[in-house]
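Reviewing the structure listed below.
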Amino acid sequence: MKSVNVITPSVDGKGLMMGKAGYTNDYVLKNALIIKVLRSPHPFAKIVSIDDEEAKKLTGVECILSHKDFDRRPFTRAGQGYPEPSPHDKFVFDEYVRYVGDEVLCVAAIDEVTAEKALSLIKVEYEVLEPVLDFEKAMNNVSVIHPEPEIHEMFPIGFEPKKNISASYHMHIGNVEDTLKKCEVVIKESFYTQAQAHSMMEPHAVNTQFDYQNRLIIYSATQTPFHVRRIISQALNYPISKIRVIKPRVGGGFGGKQAIHGEIIASAVTIKTGKPAALVYTRKEVFESSYTRHPMRLDITVGADKDGTLKAIDCYVLSDTGAYGEHALTVFMVAGSKVLPLYNKVDSVRFHGHVVYTNHTPAGAFRGYGAIQGNFALESAVDILCNKLGMDPILFRQKNMMKENETSPIFAIMGEGTEGTAMMMETCKLDYCVKRGLELIDWNNKYPSKKINDHIVRSVGMAIAMQGSGIPYIDMGSATIKLNDDGFYNLLVGATDIGQGSDTILAQIAAEELMTSVDKMIPYSSDTDLTPFDTGAYASSTTFVSGNAVLKAAKTMKNKLIEEAANALNCAKEEIGFDGEIFNKVNSTESITLKELSNRLYYNSDQKQLMVTESYVGHKSPPPFMAGFAEIDLDTETGEVKVNKYCSVVDCGVTINPKLAKGQVEGAIVQGLGMALYEDVVYTAKGKLITNDFMSYRIPSRMETPELITEFAESNEPSGPFGAKSVGEIGIDTPPAAIMNAIYNACGVRIKSLPATPEKILMELRRKNHEQ
Amino acid sequence: MLVNLYVNNVLKKYHVQAGEFLLDTLRNDNYISVRRGCDSTSCGVCTVLIEGKPVPSCSVLTIRLEGKHITTVEGIQEEAEKLAHYFGLEGADQCGFCNPSMALTVYAMKNELKNPTLETIKAYLVGNLCRCTGYQAQHIAILHYLEDRS
Ligand code: FES
Ligand code: FES
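Take a look at the structure:
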């Protein structure tokens, strides 16, 4: 292979490092109005009155919009396919505010200073309501967070707003209670995960303007340009044909830019005033007023026989979706559907639970959503169970985990918000991943732990994980390839490069099939007027779903080229050989180069523009798998954990771009480490987020980042483009469980609520020593 | 208030408000590579060089910089391209939002430190956060860049 599975620098890396314009905020018109949002100081309140008279009088204030200016038209900002599996429970602005940081109104003014000044002049009177700040008390609470009558679900998702339930779900295979009764060893534990913040470096940004055709142009740092177009049209009752969404370079998303952020407000300002407008979130707004990972409580019971045969898994999940239900059901379901099939030989399994509303910052999509929470619980529980069984956790996993050519009945039952799709694991190199990881971390010499000195213990811990590759029968990707004179191509994709490098890997796939070099395949993403539809960058779908669409398009283009070459050389298609540059007629010396052919098609004979579009919808979602191994030093005096090394062995099929794939894994591992150890989320008793900047919310810096050893298993997925599966999310799943298992192996303390801060570890250590 | 700055060795005269930060002065003057990532001087995305030293441009008032030399990535294009080459080989560039400031900081480090070790590099760059890469690929690329004497 020439272009695929070889080191290829990203197409945009150089330009971006050199400081070229690229991001949303680089395209703001000089005369754009600057928008600022007035946000709620209360976790739950009803707006009694808004006095904006003084602000309106301020020179330079162009418009002030609040709930009074909009029809009541509920929608969801989730940024999913249609109809969405999320409740329509959001209004542009509402008379209720449901968390500290919720939108009250917006001001658009000639500059930032004026907009800020106007905000300070506006007086809002609130009727403060009793908030729900403890998600374990949300269900059936007397405070109903969404009392409004207009909100609804699009299809049954267990939506019961009067009980503060945003979604609920139940599935079972076999009778888990019966199986558990028969098990020789059973453990039951509860785990808690926090509202991790995406912390992408580029804050959410959008700018809007009318163009010379009087159409609304929206530049947005989004992962889902086509969904943004649809949702804006719906929320503002504005014709979709008059909306164009352009996604420039995006400075990181990790799921945080799947949902709508400021796009609706900015669009409304431009529609109202006819003027260009820009809205960039402050970092505080990114923390307080965008989305977080869903905090969860996972109650898990697992049962096995003494010989180490896992028999049953029972999992109840309570998930906190915050003030609005974006991704309430889907994230929750993934905590089962992309976790439980890891142990596919159980007799029975149950997965059920509720997703509740609280008066916290809404939760949304976040890399590895659901899977990381579920993985933390299950992979911790497996180690706890092994401990009780007196069995080696590696042997236990090797005996019970998913193998190649096996399946799990869960695939057919659980999808994302809907039923799932049955599938066989045509590739699953988990066995190899575990074996290789043991070598890389030198497990046998280090497990479980070793005393380094009187207060430092060195230990190891591990976990296995799986993900998916897009949502079968729902996610669609498509690609257009256009031939230019001189024989280079444009590749137009709706797939959304948000920094993960999808433009590059999609160009590689097309270049490989057309046997050309990547520099002759110019990728462009995404623009709802110019590029074909794609669901967007989420659910680990781009390499697999969009990649397959690109491959299909390249194949079709190849056929067309050969047809045209046959015309030019006066022979049948079958007589043409093509090597990417030259078309040869068999058994003759006649030939034509791609360059000549493309020029001929443009300017001389058989004139036409060759341009093909193909689409792809997955019929399966082949999971990538991985094993993650951590080596830590735990200080028993301070409770501090230092991660020395993290070894990842990943089966994501063939890596289209080995270095970018590695980058996906390593970036995700470090985010997972952040969730495991550092990224603590703290609210005041009154529901205000304290950890709202990079000082108080600590994402891993260079100093904390351990040595990362990342390898890929040899694997070739038949359904993937050139054998690839997806790799965007899998890396984030293992660190919480692997690190908690290592902490246990170091000192016998089991941390069940993330992150494992030194305080928690010390407290547990003291408790344990006290008990002894 | 009038302030004279040498931006990438070109004398610029700026009329600024007393409370204006360098980040806004530069961005308003179309030094588009200078971008904001936070409100509390804690991400490093806005880093520029003042008299050759990396400083977050969101943290300094423009009026305090009379006569100073400011470097943005527009002023070190060749070095940035060279560094980007090594980033490309390691897959160390993802969203790129942290990268212009990274190029500047690495450039300053190269001028300041002789043969820095991995640990020194980490310490020097600690203020430049990156949420995408997990850092390690960046460090490998930086080491290769420093070895390149061409
Ligand atoms: S913008 Fe974050 S440090 Fe300056
Ligand atoms: S590459 Fe995205 S923040 Fe560094």
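From first to last, the protein sequence lines are chains A and B. Counting along the first sequence from 1, when you hit position 668 you're at 668 in my numbering, and nothing is skipped either side. Each number in my numbering comes from the position in the second sequence (counting from 1) with 1000 added on. Ideal placement from N, C-alpha and C gives every residue a C-beta, glycine not left out.
| Item | Value |
| --- | --- |
| Terminal residues of the beta strand (DSSP E) in which B/T1071 lies | 1069-1071 |
| Residue-level contact to chain A via CB, B/G1204, 7 Å cutoff | Chain B is shown from 1001 up to 1150; residue 1204 of chain B falls before or after that span and cannot be answered. |
| Contained alpha helix (DSSP H) runs [length at least 4] in the segment 323-357 of chain A, N- to C-terminal order | 328-337 |
| In DSSP terms, what B/F1087 is bridged to | Per DSSP, none; premise fails for B/F1087. |
| Cβ pair A/P721, A/T613 closer than 7 Å | no |
| Beta-carbon contacts of A/Y447 that lie in its chain and below 6 Å, excluding the five residues immediately before and after | V460 |
| Chain-ordered list of residues that sit, by beta carbon, closer than 6 Å to a heavy atom of ligand 1 | B/R1036, B/G1037, B/C1038, B/T1041, B/S1042, B/C1043, B/G1044, B/V1045, B/C1046, B/P1056, B/C1058 |
| Any 3 or more C-beta pairs closer than 8 Å across the segment 1112-1122 of chain B and the segment 1065-1075 of chain B | no |
| Residues near A/I61 in its chain [Cβ-Cβ closer than 7 Å; skip 5 each side] | Ile is not the amino acid found at residue 61 of chain A; the sequence shown has Val there. Correct list, in chain order: A55, V107, A109, T114, A118. |
| Cβ-heavy atom distance, B/Q1094 to ligand 3, below 6 Å | Among the ligands modelled here, namely ligand 1 and ligand 2, ligand 3 does not occur. |
| Residue-level contact to chain B via CB, A/F694, 7 Å cutoff | yes |
| Residue-level contact to chain B via CB, A/T282, 7 Å cutoff | yes |
| Rounded Cβ spacing between A/G370 and A/Y316 (contact assumed at less than 8 Å) | Actually they do not touch by this definition, with Cβ atoms about 14 Å apart. |
| B/C1098: CB within 6 Å of a non-hydrogen atom of ligand 2 | yes |
| Check whether A/T407 and A/M424 have beta carbons under 7 Å apart | yes |
| Proximity of B/S1059 and A/G19 at Cβ, strictly below 7 Å | no |
| DSSP three-state assignment for A/Y96, whether helix, strand or coil | strand |
| Nearest-angstrom Cα separation, counted from A/N745 out to A/Q769 | Looking at the sequence itself, residue 769 of chain A is Asn, so the reference to Gln does not match. If I take the Cα positions, the gap works out to 16 Å. |
| Simplified DSSP assignment, three categories, for B/T1062 | helix |
| A/K552 burial status per 10 Å Cβ neighbour count (16 or more: buried) | buried |
| Those residues which DSSP pairs with A/K450 across a bridge | A/R458 |
| Any non-hydrogen atom of ligand 2 within 6 Å of A/G252 CB | yes |
| For B/D1024 and A/I271, the rounded distance between their alpha carbons | 28 Å |
| Chain-ordered chain B contacts of A/M649 [CB-CB under 8 Å] | It is worth fixing the name first, because residue 649 of chain A is Val in this sequence and not Met. Here the premise fails: no neighbours, minimum Cβ distance about 16 Å. |
| Given 8 Å, three or more beta-carbon pairs between the segment 468-480 of chain A and the segment 731-744 of chain A | no |
| CA-to-CA distance, B/N1008 to B/T1075, given in whole angstroms | A quick correction: the sequence has Gly, not Thr, at residue 1075 of chain B. In a straight line, the C-alpha of B/G1075 is about 5 Å away from that of B/N1008. |
| 3 or more residues per run - each beta strand (DSSP E) lying fully within the segment 237-296 of chain A | 243-246, 277-280 |
| A/I690 at chain E interface by Cβ criterion, 7 Å | In the structure shown, chain E cannot be found, because the protein chains are A and B. |
| When A/F694, A/A463, A/Q209 are compared against A/L395, the one with the closest alpha-carbon | A/A463 |
| Where B/C1130 meets chain A, residues with beta-carbon distance less than 8 Å | M201 |
| Contact between the segment 278-295 of chain A and the segment 1036-1052 of chain B (3+ Cβ pairs under 8 Å) | yes |
| Separation of A/A235 from A/G728, as counted between CA atoms | 30 Å |
| Short Cβ contact (7 Å threshold) for A/N164 with A/M139 | yes |
| Beta-bridge pairing of A/N490 - partner residues as DSSP gives them | A/K482, A/I522 |
| Contact set between the segment 1095-1108 of chain B and chain A, restricted to residues whose Cβ is under 7 Å from the partner | C1095, G1096, F1097, C1098, N1099, P1100, A1103 |
| CB contact below 7 Å: A/D503 versus chain B | no |
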